[in-house]
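A.B. asks: Numbering (my numbering), first residue to last: 4 to 199.
Think of the CB as a built atom: it goes at the ideal place given N, C-alpha and C, for glycine as much as any other residue.
Source: prediction; values computed, not measured.
1) Would you tell me roughly how many angstroms separate the C-alpha atoms of residue 102 and residue 161, rounded to the nearest one?
2) Using the three-state DSSP reduction, which class does residue 180 fall into: helix, strand or coil?
3) Helix or strand or just coil, what does DSSP make of residue 188?
4) Would you please state the rounded distance, in angstroms, between the beta carbons of residue 170 and residue 124? I believe it to be under 8 Å.
5) Looking at the secondary structure, which residues open and close the alpha helix (DSSP H) in which residue 103 lies?
6) Looking at residue 104: is its Cβ nearer than 7 Å to the Cβ of residue 51?
7) Checking the sheet assignment: what are the DSSP bridge partners for residue 59?
8) Can residue 175 and residue 145 be called in contact, C-beta distance under 7 Å?
9) Nearest to residue 89 by CA position, among 41, 152 and 5, is which residue?
10) Apart from the five residues just before and just after residue 23, which ones in its own chain have a Cβ nearer than 8 Å to its Cβ?
11) Do residue 91 and residue 168 have their C-beta atoms closer together than 7 Å?
12) Where does the unbroken beta strand (DSSP E) through residue 116 begin, and where does it stop?
13) If distances are taken between C-alpha atoms only, which option among 85, 113 and 134 comes closest to residue 64?
14) Are the Cβ atoms of residue 139 and residue 93 separated by less than 7 Å?
15) DSSP beta-bridge partners for residue 147?
16) Under 8 Å by Cβ, that's how I've got residue 48 and residue 130 pegged, so tell me the actual separation to the nearest angstrom.
17) Using the three-state DSSP reduction, which class does residue 97 fall into: helix, strand or coil?
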């Protein structure tokens, strides 16, 4: 059984980690992006389905293209962040299951389209959370956002992949402490938990 992480690691991942609205000028390199993904991909998904699809916007052109499809306040964040990742799900992820779940043909388990898409959304959201934790683990900060035109993003970035649907955008970089407000309240255990 592994040991618990030290408090410094728990602080970095959870207790003192924050969602940032602005970043320093420190870059996020392709090597950094690859390192974040290499950690995040290790998180579990149902039947190892890996429905998440990711486009990392790092050039001024890509950031401007995405910013034009974000709400006003989020557009400014996208333009200023060193990197912003578009997180989408592939509703036909099951076609890849022979590779990722090779010990049995699990494709028939996802034959029903509505249930398959729901599973893709749920598991891509898990993968978004893993990206946050992976980035924090490697010393980066993140700013996940939902304020954007998802259909517009799909048309602009996934036109050649009509089965991909964006669910979130997330800035990544080294956070500027002046861009955050005091931490908002978190619910105590007894408010939303029951042990039976």
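C.D. replies: Quick answer:
1) 23 Å
2) helix
3) coil
4) 6 Å
5) 100-103
6) yes
7) 88
8) yes
9) 152
10) 144, 145, 146, 174, 176, 178, 179, 182 and 183
11) yes
12) Careful: residue 116 lies outside any beta strand (DSSP E), inside the alpha helix (DSSP H) at 116-140.
13) 85
14) no
15) 173
16) 7 Å
17) helix
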